[in-house]
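Take a look at the structure set out below.
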Amino acid sequence: MDSSITVPFWLFLLLSITALLLVLDRVLLPGFRWYLRRRVNRVIEEVNTRLDIEIRPFQLTRKQALVDQLVFDDKVVAAMKDYAVENNMPKEVVQAKVFRYANEIAPSFNAYVYFRFGYWLAKSLGRLLYRVRVGFHDDGELSRIDPDASVVFVMNHRSNMDYVLVSFLAAEKTALSYAVGEWARIWPLQTLIKSMGAFFVRRNSRNALYRRVLERYVNLATRAGVCQAVFLEGGLTRDGRLRAPKQGFLDYMLRDYHREHDRDVVFVPVGINYDRVVEDLSLVRRLDPAAARRSTWFVIKTSVRFAFKTLLMSRKKRWLRFGYASVNFGHPLSVLQFCQDRGIDLSALDQDARFENIRQLSQ
């Protein structure tokens with residue numbers, strides 16, 4: 003009983019690693035997860051007491067639950083069956099596609115990251131580059147919006163700094179959910195953006211199945227009261243001028259809207275302008291069709307050099323270089339009031355009539 007047992011070193015090492023992993027999995031990780039969950043819940047309780055529009059339960063839903071909800075949504079399932087028939091594909095293969103689309107779109111909102119790290123980063127970066135000026139058509143009107151309404155900030159898209167400025171300026175009122183283009187799908191930016199409640203959009207995709215999954219996510223989020231920020235132009239302006247509004251995203255939000263049963267959807271116009279945008283040289287270059295395409299390495303090198311030079315500048319020089327950034331909040335527009343004034347039910351209209359009303363709404 004008291005004799006020693008000799009085991010090979012590799013076996014001892016394997017047993018030690020296994021024991022360590024078991025301790026981590028059964029003892030340390032559950033405690034760490036409980037600690038993080040408690041911190042997040044404390045942040046949610048704290049910010050909900052001062053936000054005009056509280057964080058919705060839909061935003062706090064686990065990502066996997068959102069993915070499952072999208073994959074097994076009735077309209078998505080119907081679109082999946084049609085796609086399988088049209089393309090002569092097995093249902094399982096199509097379902098895998100839908101799962102991939104849903105996983106790509108669904109955010110994984112983390113209130114602690116949004117209100118602690120994200121707010122600090124957005125505020126620091128915005129004030130690092132610009133003198134920020136904010137204007138309100140009537141600040142009291144924003145405060146009088148029904149707290150239960152789905153609020154949508156509708157913005158022009160001048161620069162990628164738009165995300166940063168509006169996020170920290172609206173952080174005292176609500177947590178915003180953005181639709182972000184594919185440019186941001188790089189590590190670690192993708193993880194950070196999703197943890198702040200944003201969702202990715204393939205802006206130029208014509209895939210009907212993908213569009214159906216995206217439509218259902220936007221519709222579900224709107225009906226759940228999630229506060230969103232939308233660039234109606236559908237992309238970044240290349241020359242600084244306003245582009246014609248695209249109604250597709252608004253249609254996703256409103257095609258099932260029934261004024262008698264659904265919560266109000268309130269659109270808040272936001273006008274953004276800059277003395278100088280940080281991407282000015284890149285945007286001017288894109289206007290030249292003969293300009294040679296830059297390599298990824300060149301873009302990374304130039305971006306790092308720009309960031310380094312900007313950080314080394316004095317505050318006065320940065321302000322002289324980039325100037326002012328102006329954000330103006332306009333008069334809120336209620337979809338409920340719009341429908342009542344015209345005596346219409348958007349959910350009962352055919353596509354052409356619905357788009358015509360949405361076009362009038364977006365003007």
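Be aware that the sequence shown starts at 3, since it is given in the working numbering, and climbs by one per residue. Don't be surprised by glycine CBs; every beta carbon is placed ideally from N, CA and C. Being a predicted model, the structure only gives us computed values, none of them experimental.
Asked	Found
Return helix, strand or coil for residue 161, following the three-state DSSP convention.	coil
Using DSSP's beta-bridge definition, name the partner residues of residue 327.	134, 276
In the DSSP assignment, find the alpha helix (DSSP H) that holds residue 357 and state where it starts and stops.	353-364
Can you pull the DSSP bridge partners for residue 181?	201
Express the C-alpha separation of residue 119 and residue 168 in angstroms, rounding to a whole number.	16 angstroms
What number of angstroms, rounded off, separates the C-alpha of residue 360 from the C-alpha of residue 300?	42 angstroms
Any contact of the stretch 262-278 with the stretch 147-154, i.e. 3+ C-beta pairs under 8 angstroms?	yes
Quick check: the Cα distance between residue 247 and residue 149, rounded to an integer number of angstroms?	27 angstroms
Identify every run of the alpha helix (DSSP H) within the stretch 78-147, keeping only runs that are complete inside it and at least 4 residues long; order them along the chain.	93-107, 121-131, 141-145
Tell me the residue span of the beta strand (DSSP E) that contains residue 230.	230-233
Determine the extent of the alpha helix (DSSP H) in which residue 297 is found, giving its start and end residues.	First-last for residue 297: undefined, no H or E at that position.
Let me check one thing: in DSSP terms, what residues is residue 336 bridge-paired to?	268
Using 8 angstroms as the cut-off, can you tell me whether the stretch 226-245 makes contact with the stretch 121-138, which would need three or more C-beta pairs spanning the two stretches below that distance?	no
Thinking just about the alpha-carbon of each residue, which of 337, 362, 137, 336 is nearest to the one in residue 171?	137
Determine, using beta-carbon pairs with one atom in the stretch 95-113 and one in the stretch 77-85, whether at least three such pairs fall under 8 angstroms.	yes
Hey, residue 205 and residue 275: beta-carbon distance below 9 angstroms or not?	no
With a 10 Å radius around its C-beta and 16 neighbouring C-beta atoms as the bar for buried, classify residue 354 as buried or exposed.	exposed
How should residue 164 be labelled, buried or exposed, when 16 other C-beta atoms within 10 angstroms of its C-beta is the threshold for buried?	buried
Which first and last residues belong to the alpha helix (DSSP H) in which residue 217 is found?	210-225
Report yes if the CB atom of residue 72 is closer than 9 angstroms to the CB atom of residue 219, and no otherwise.	yes
Residue 176 and residue 55: beta carbons closer than 9 angstroms?	yes
Quick check on residue 373: does DSSP put it in helix, strand or coil?	Lying before the first or after the last residue shown, residue 373 is absent from the chain, which here runs from 3 to 365.
At what residues does the alpha helix (DSSP H) containing residue 255 begin and finish?	250-256
Using 8 angstroms as the cut-off, can you tell me whether the stretch 343-350 makes contact with the stretch 304-312, which would need three or more C-beta pairs spanning the two stretches below that distance?	no
Would you kindly check if the distance between the Cβ of residue 211 and the Cβ of residue 99 is under 9 angstroms?	yes
By the three-class DSSP mapping on this structure, what secondary structure does residue 155 have?	strand
Closest to residue 328 by CA distance: which of 182, 344, 277, 311 is it?	277
Output needed for residue 97: all residues of its chain with C-beta closer than 8 angstroms, excluding positions within five of it in sequence on either side, in chain order.	73, 82
Exposed or buried, what is residue 14 when buried is set at 16 or more other beta-carbons lying within 10 Å of its beta-carbon?	exposed
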